[in-house]
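Protein sequences appear in the order of chains A and B.
Each residue of the first sequence is one higher than the one before, starting from 0 at the first, in numbering that gives the first Met the number 0.
Each residue of the second sequence is one higher than the one before, starting from 0 at the first, in numbering that gives the first Met the number 0.
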Amino acid sequence: MSEEPAANTKRMSIIVTKGTLDWAYPPFILATTAAAMGLEVSMFFTFYGLVLLRKKLDLSISTLGNAAMEMPVMGMHMRMPNIVGMLPGMDALASTMMKNLIKKKGVASIEDLREAAVESDVQMIACQMTMDLFEFRREDLIDGPELGGAATYIEMATKSDINLFI
Amino acid sequence: MTEQTLDARGLNCPLPILRAKKALKDMKSGDVLVIHATDPGAVKDFEAFCRSTGNALLDSSAANGEFQFRIRAHG
Numbered sequence: 000m001s002e003e004p005a006a007n008t009k010r011m012s013i014i015v016t017k018g019t020l021d022w023a024y025p026p027f028i029l030a031t032t033a034a035a036m037g038l039e040v041s042m043f044f045t046f047y048g049l050v051l052l053r054k055k056l057d058l059s060i061s062t063l064g065n066a067a068m069e070m071p072v073m074g075m076h077m078r079m080p081n082i083v084g085m086l087p088g089m090d091a092l093a094s095t096m097m098k099n100l101i102k103k104k105g106v107a108s109i110e111d112l113r114e115a116a117v118e119s120d121v122q123m124i125a126c127q128m129t130m131d132l133f134e135f136r137r138e139d140l141i142d143g144p145e146l147g148g149a150a151t152y153i154e155m156a157t158k159s160d161i162n163l164f165i
Numbered sequence: 000m001t002e003q004t005l006d007a008r009g010l011n012c013p014l015p016i017l018r019a020k021k022a023l024k025d026m027k028s029g030d031v032l033v034i035h036a037t038d039p040g041a042v043k044d045f046e047a048f049c050r051s052t053g054n055a056l057l058d059s060s061a062a063n064g065e066f067q068f069r070i071r072a073h074g
């Protein structure tokens, strides 16, 4: 198969703004799948999405404000009221449950999806302003991503057939 | 023409597609990739994948909770 980007190659860009375990899935699933389908893909990591570029990922989910979140427990679906979700340890508990489910159901880890994205030449841009704002150092991030700003993204977006904000 | 098999059983979206793409990349035009999967979502996804990439979906079948796809690589 030809891997050369042709003139008619479709392009997709994704702005990644969230860094919890659950929100990390949509951008990486779509980016890797689009790349597998021959699209040129760019991801722009900004605000809380920037943590997804950290060398060591330590992602968790937040139960708070996650109104429709429920998890399968012993054949039923369990919801967590905010008053319970705010108790210490609840995020950790929910994250552990989620990670167990991910393994059990054959869902890829974010680490694996990110590696697949890098392998399939998905272009990654880390937001320079967020780096400054949250005091990230370049060496905190994996190799590969370039630094850029809003203008960099807009240029990518104007050339893209699909632009997503996640 | 050679035939290659990919065991994607137990894998969930998007892994069957990603693994298939990885295998197809190293195959010659006309070679056939046979994929075994258990993800029901893969049925529609392999149709879309093949339409978009020009690889030919020769056959898609289901039996005993397992799915089999035959894809002819397009060089």
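Backbone N, C-alpha and C fix where the C-beta goes; we use that ideal spot for every residue, glycine too.
All values reported here derive from a predicted model rather than from experimental measurement.
Those residues which DSSP pairs with residue i across a bridge
i	result
M75(A)	V72(A)
A7(B)	A36(B)
I70(B)	L32(B) and L56(B)
M42(A)	I13(A) and M123(A)
A61(B)	F66(B)
R53(A)	L140(A)
L146(A)	A125(A)
E2(B)	V31(B)
Chain A residues whose Cβ lies nearer than 7 angstroms to that of residue i
i	result
S59(B)	Neighbours of S59(B) on chain A: none; closest Cβ ~17 angstroms, over 7 angstroms.
I16(B)	T32 and A35
Proximal residues of chain B, C-beta to C-beta of residue i below 7 angstroms
i	result
M36(A)	F48, S51 and T52
A23(A)	Neighbours of A23(A) on chain B: none; closest Cβ ~14 angstroms, over 7 angstroms.
Residue i, buried or exposed, once every other Cβ within 10 Å from all chains shown has been counted against 16
i	result
L14(B)	buried
S1(A)	Per-residue confidence for S1(A) stands at a pLDDT of 45, beneath the threshold of 50, marking its modelled position as unreliable; no derived number is given.
V15(A)	buried
T32(A)	buried
G147(A)	buried
S119(A)	buried
A23(A)	buried
K102(A)	exposed
K55(A)	exposed
Boundaries (first-last residue) of the alpha helix (DSSP H) holding residue i
i	result
N65(A)	Taken as a continuous stretch (DSSP letters only), N65(A) belongs to no alpha helix (DSSP H), as it is neither H nor E.
L7(A)	Per the sequence shown, residue 7(A) should be read as Asn rather than Leu. Premise fails: N7(A) is in no alpha helix (DSSP H) and is neither H nor E.
I101(A)	M89 to K103
M155(A)	A149 to T157
T32(A)	L20 to A35
L86(A)	First-last for L86(A): undefined, no H or E at that position.
T15(B)	The question names Thr, but residue 15(B) in the sequence shown is Pro. Here the alpha helix (DSSP H) through P15(B) covers L14 to K24.
Beta strand (DSSP E) segment containing residue i, residue limits
i	result
A125(A)	Q122 to C126
N162(A)	I161 to F164
A116(A)	Not the beta strand (DSSP E): A116(A) falls in the alpha helix (DSSP H), residues I109 to E118.
Neighbouring residues, chain B, relative to residue i (Cβ below 8 angstroms)
i	result
I28(A)	C12 and P13
Chain-ordered neighbours of residue i on chain A, where CB pairs are closer than 8 angstroms
i	result
G9(B)	G105
- Selection of the region 73-107 of chain A by Cβ proximity to chain B, strictly under 7 angstroms: Of all residues in the region 73-107 of chain A, those with a C-beta nearer than 7 angstroms to a C-beta of chain B are K104, G105, V106 and A107, reading in chain order.
- Task: Compile a chain-ordered list of the residues in the region 109-120 of chain A whose CB is closer than 7 angstroms to at least one CB of chain B.
- Result: A115
- Query: Quick one, which residues of the region 16-33 of chain B are near chain A if we go by CB-CB under 7 angstroms, in chain order?
  - Reply: Of all residues in the region 16-33 of chain B, I16, L17, K20, L23 and K24 have a Cβ within less than 7 angstroms of some Cβ in chain A.
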